[in-house]
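Taking it in order: structure first as structure tokens, then the write-up.
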Amino acid sequence: MDFDIPLLPGSPRRLSPRTVVRGGQGPKHGQQCLQVPGPPAQRLQSSVPQGSGQASGGGSPPNSSVINNYLEASEPVSLEARVSRMHFHDNQRKVDYVLAYHYRKRGAHPGHGFPGHSLAIVSNGETGKDPQAGAPGDIELGPLDALEEERKEQREEFEHNLMEAGLELEKDLESKSQGSVFVRIHAPWQVLAREAEFLKIKVPTKKMYEIKSQGSIAKTFNKILHKLSAPLKPRVPEHSNSRMKNLSYPFSREKMYLYNIQDKDTFFDNATRSRIVHEILKRTTCSRANNTMGINSLIANNVYEAAYPLHDGEYDSPGDDMNDRKLLYQEWARYGVFYKFQPIDLIRKYFGEKIGLYFAWLGLYTSFLIPSSVIGIIVFLYGCATIEEDIPSKEMCDQQNAFTMCPLCDKSCDYWNLSSACGTARASHLFDNPATVFFSIFMALWATMFLENWKRLQMRLGYFWDLTGIEEEEEHSRPEYETKVREKMLKESNKSVVQKLGTSGTEAEDEDDEDKLTWKDRFPGYLMNFASILFMIALTFSIVFGVIVYRITTAAALSLNKATRSNVRVTVTATAVIINLVVILILDEIYGAVAKWLTKIEVPKTEQTFEERLILKAFLLKFVNAYSPIFYVAFFKGRFVGRPGSYVYVFDGYRMEECAPGGCLMELCIQLSIIMLGKQLIQNNIFEIGVPKLKKLFRKLKDETESEEAGSAHSKHPEQWDLDYSLEPYTGLTPEYMEMIIQFGFVTLFVASFPLAPVFALLNNVIEVRLDAKKFVTELRRPDAVRTKDIGIWFDILSGIGKFSVIINAFVIAVTSDFIPRLVYQYSYSHNGTLHGFVNHTLSFFNVSQLKEGTQPENSQFEQEVQFCRFKDYREPPWAPNPYEFSKQYWAVLSARLAFVIIFQNLVMFLSVLVDWMIPDIPTDISDQIKREKSLFVDFFLKEEHEKLRLTEEPARRSQSTGRHSRRSPAASPAPSGRSQPGSSVSSGSQHTSV
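Here the sequence shown is numbered in numbering that gives the first Met the number 0, starting from 0 and rising by one per residue.
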């Protein structure tokens with residue numbers, strides 16, 4: 000069947016749809032095109048049939064709905080005529096999605112346009128020279144021109160397929176030699192209704208019910224809490240404490256009477272409309288591009304540059320006109336409102352459920368850091384208050400004890416008094432005290448309670464956001480996966496027909512696998528992944544070892560100089576930690592890129608699989624990178640030193656480094672605090688603020704340069720799609736989650752050595768929430784709304800870190816701190832049950848005459864002649880039968896350490912399981928409301944069905960002439976006069992809707 004397409008309103012000349020299909024090849028013999036004598040061109044409105052006679056959103060009759068507008072770029076549009084920059088130029092149809100691409104005319108040179116030539120608008124709306132205006136002869140296509148022509152044809156076919164799917168398009172003419180073109184897409188009502196039913200999108204029905212609160216005590220408490228927190232709540236409509244909720248039901252065109260559709264243009268919000276259009280874009284094919292499916296494939300092949308939904312206007316526009324973006328900026332995305340709660344409902348409405356869940360999780364995590372910060376400060380203050388009562392540090396600072404210690408290095412280091420390390424010992428008590436054990440148990444239970452409360456909040460949000468019962472959407476294959484499958488099928492097709500005919504049944508099974516990648520196809524990628532990850536982990540360990548060598552050599556070099564000898568330990572520790580921090584920050588960026596590359600060569604099929612594998616690789620590499628220097632200080636430093644006369648050497652003359660006299664816990668605290676604070680401050684200020692601003696500046700300069708080359712003047716009032724195109728593209732939530740997960744590890748894994756970690760995490764997150772909010776509202780293009788029930792694999796990683804933290808803290812307390820040796824001494828070896836004599840108990844004797852030749856101190860300046868020096872270890876004295884062997888005290892302390900680890904781990908695990916059992920995953924009130932909602936919906940559905948049945952059967956009864964009264968089902972009852980479409984119905988309180 001052939002339909003005519005009106006070119007201009009009132010124009011007698013028409014084009015056939017064949018013109019639309021064959022666009023981009025120039026006017027053929029007998030093919031008509033609109034002649035435009037020159038700018039400004041008249042506005043062109045063309046339409047093609049809707050296939051099944053679907054009506055347009057504007058109420059046009061079937062087969063005549065406007066689906067395409069092509070406007071010349073230089074056409075002046077008055078500000079009075081342009082009511083909204085969110086609509087087509089008719090100010091009626093809303094722009095739901097935008098496709099952007101860059102074009103370059105054949106044989107054109109920058110700076111030369113076609114202002115003086117006639118313009119011919121062919122079927123796809125592209126501009127070219129009028130054949131009657133002195134067009135030149137055939138031009139030999141260069142490689143770039145041929146590629147541009149190929150992309151142009153692919154765009155034409157793809158846009159035609161979008162129109163076949165019912166979408167309406169509008170774009171400007173390509174009137175310059177080169178430039179950017181924005182294809183605006185509008186989804187009319189019938190497309191929205193069809194796709195909403197296909198995607199099973201839940202929408203509110205006419206039925207509303209009251210959410211009942213459980214118990215009078217809880218109700219009174221909630222009222223008091225609501226009044227107290229009123230100043231902290233953002234002033235947004237969605238954040239009201241409403242007790243009413245609409246029943247929701249998946250959209251169905253056959254049950255339109257269930258929904259309260261007052262305005263078809265606003266029934267689906269902007270996020271839902273863009274999500275529907277995005278689903279159509281993802282599944283629309285393009286045969287010219289090797290039958291690739293979806294806009295993502297075309298963007299990967301540079302056919303289009305970008306695809307994005309529009310923001311709801313500007314966030315900083317003057318005047319009182321308000322939109323969701325401006326409201327989010329004023330009440331959420333500014334540092335001045337850091338003390339307010341987040342408008343989670345509005346975030347979810349504007350950005351979708353996936354981003355809404357991220358900010359809800361981040362808000363809950365930040366609020367949970369408040370009690371842990373308070374307890375951490377109390378533990379730190381307890382250490383400050385009891386520092387004068389700490390007997391071991393007093394003994395170390397007492398110069399009358401005069402513990403003469405063995406040299407810290409060969410030749411250049413002299414004997415020294417233990418009292419010189421008084422400051423380190425006193426500082427260690429701030430973190431190495433009995434309160435840290437209690438704090439470690441508290442933080443393990445805190446992690447469990449946080450995860451349990453997140454599961455409850457997730458269920459609560461799922462109930463209010465109608466996420467309960469949503470099905471996993473079938474994902475489309477990634478472009479890279481399709482390319483690999485195509486290459487595989489091409490190889491298979493090269494086999495001879497004789498070989499295929501001679502195959503058995505096993506070959507038939509292989510043919511079934513031709514359209515997918517098997518483990519054999521992916522084996523090279525898996526092998527490369529395994530080898531690369533091992534190499535990256537080995538590289539991290541090598542860098543840690545390199546820093547160890549730096550510490551050893553620097554300490555030996557500084558010990559040679561008398562002026563720097565007193566500050567050797569502080570200087571070496573500080574510089575080594577700074578080097579570690581710089582290396583961690585650099586490797587973080589490298590490992591992120593490497594993880595993405597490794598995931599790509601693995602060729603996952605869907606975007607979800609790609610994201611999960613990328614997260615696992617990036618987390619593994621960044622976890623090892625961030626924590627390997629901390630693990631070294633906590634568990635390995637000072638463990639393999641040896642003893643005087645039998646030291647372990649890294650290189651000739653350079654022996655393994657030892658812990659400070661007060662233990663390695665203080666150094667672990669310094670390492671942890673500098674790395675944690677440095678990562679947060681530098682990544683927040685440089686990577687999250689500075690880099691996006693630089694990218695935006697470079698993109699703006701590039702656009703201005705291209706505009707000047709194309710000879711076009713910038714509009715004083717740019718369109719919204721122009722403004723959004725200049726923003727940074729959205730790349731996912733993985734960087735935001737990863738940063739918080741690594742921080743969660745700092746807060747939980749080594750909290751026994753740094754009780755103030757939750758405090759610094761809290762201060763960082765208060766800024767981080769507003770920083771991320773500002774980035775999403777002002778710096779990024781609007782993301783596609785994605786519906787999801789949970790935070791996915793991130794919850795499993797959090798749960799794993801929480802369990803791993805119990806083991807780590809048990810070993811930190813047992814191995815790194817002096818908590819266990821003090822307990823063993825106090826209850827087994829002390830004469831009066833106190834810690835008096837503990838320092839002397841932990842120091843062993845060594846006869847200096849047994850030092851190896853060449854390792855004795857040169858030119859010793861020590862005040863008195865030394866016969867025996869002391870070193871920290873549990874070993875037999877030189878006069879014992881087995882000198883320098885491990886003593887009984889060593890084995891007693893080791894047994895106590897292992898026993899503590901087992902008891903601590905099992906106790907905390909038991910308490911965690913108990914907390915998990917006591918806190919139900921689903922809140923009781925939400926569980927009851929879900930059951931009640933099902934019951935209410937059944938009653939509402941039956942009531943509406945009876946009403947529909949009565950209204951459809953009443954005309955039938957009147958039309959019957961006989962006295963028979965027969966009941967007919969709604970499907971079998973005759974349609975009312977003038978309403979012949981099946982599925983058309985009316986109900987009380989709802990308008991008639993025809994689909």
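Glycine included, every Cβ here is placed at the ideal spot set by N, Cα and C.
Runs of the alpha helix (DSSP H) lying entirely within the segment 387-435, each at least 4 residues long, are 390-396, 421-428 in chain order.
In the same chain as Phe903, and ignoring 5 residues on each side of it, the C-beta atoms closer than 6 Å to its own belong to Ala809, in chain order.
Going by DSSP, Met675 is part of no beta strand (DSSP E) but of the alpha helix (DSSP H) stretching over 664-681. In the DSSP assignment, His277 falls within the alpha helix (DSSP H) that extends over 269-282. Annotation: Ile536 to Lys621 spans about 10 Å, alpha carbon to alpha carbon. Boundaries for Lys353: no beta strand (DSSP E) harbours it, while the alpha helix (DSSP H) harbouring it runs 352-384, taken from the DSSP string. Glu394 is the residue among Glu394, Phe867, Asp409 whose C-alpha sits nearest the C-alpha of Leu417. Of the residues Gln719, Asp789, Leu227, the one whose Cα lies closest to the Cα of Arg324 is Gln719. In the DSSP assignment, Arg869 is bridged to Met404, Phe844. Under the 10 Å beta carbon count, Tyr338 is surrounded by fewer than 16 other beta carbons and is classified as exposed.
Approximately 5 Å separates the beta-carbon atoms of Phe402 and Arg869; this is inside 8 Å, confirming the contact. In this chain, the alpha helix (DSSP H) harbouring Thr553 covers 518-558.
In the three-state reduction of the DSSP assignment, Gly744 falls in the helix class. Straight-line measurement puts the Cα of Ile796 at about 12 Å from the Cα of Ala617. In the structure shown, the three-state DSSP call for Arg642 is strand. Under the DSSP assignment, Lys263 falls in the alpha helix (DSSP H) whose first and last residues are 263-266. In this structure the segment 688-697 does not touch the segment 829-841; the number of beta carbon pairs closer than 8 Å is below three.
In this structure, Leu191 sits near Phe267, with a CB-CB distance shorter than 9 Å.
Unbroken beta strand (DSSP E) runs of no fewer than 3 residues, entirely contained in the segment 191-251, are found at 201-209, 243-249, following chain order. The shortest C-alpha to C-alpha distance from Leu363 to any of Leu450, Leu429, Lys211, Thr284 is the one to Leu450. Shown here, Leu779 sits in a strand according to DSSP, grouped into three states. Secondary structure note for Tyr590: its alpha helix (DSSP H) is the uninterrupted segment 567-601. The Cβ-Cβ distance between Asn295 and Asp311 does not fall below 9 Å. Under a 10 Å Cβ-count criterion, Gln860 is classified as exposed, with fewer than 16 other Cβ atoms of the shown protein chains found around its own Cβ. Out of Phe909, Glu313, Glu864, the CA that lies nearest to the CA of Tyr414 is found in Glu864. By the criterion of a C-beta distance shorter than 6 Å, Asp389 is surrounded in its chain by His428, once the five residues flanking it on both sides are discounted. Looking at the DSSP output, Leu98 shares a beta bridge with Val182, Ala306.
The alpha-carbon of Ala305 is positioned some 56 Å away from that of Ala813. Thr833 sits in coil when the DSSP states are folded into three classes, being neither helix nor strand. In the displayed model, Lys170 falls within a strand according to three-state DSSP. At the C-beta level, Leu280 and Leu98 come within 9 Å of one another. If you draw a straight line from the Cα of Asn432 to the Cα of Leu198, it is about 58 Å long.
With a cutoff of 9 Å on beta-carbon distance, Phe430 and Pro754 are scored as near each other. The straight-line gap separating the alpha-carbon atoms of Gln742 and Ile354 is approximately 20 Å. In this structure, DSSP gives His945 a helical state, which the three-state scheme calls helix.
A direct Cα-to-Cα measurement between Leu557 and Val567 gives close to 6 Å.
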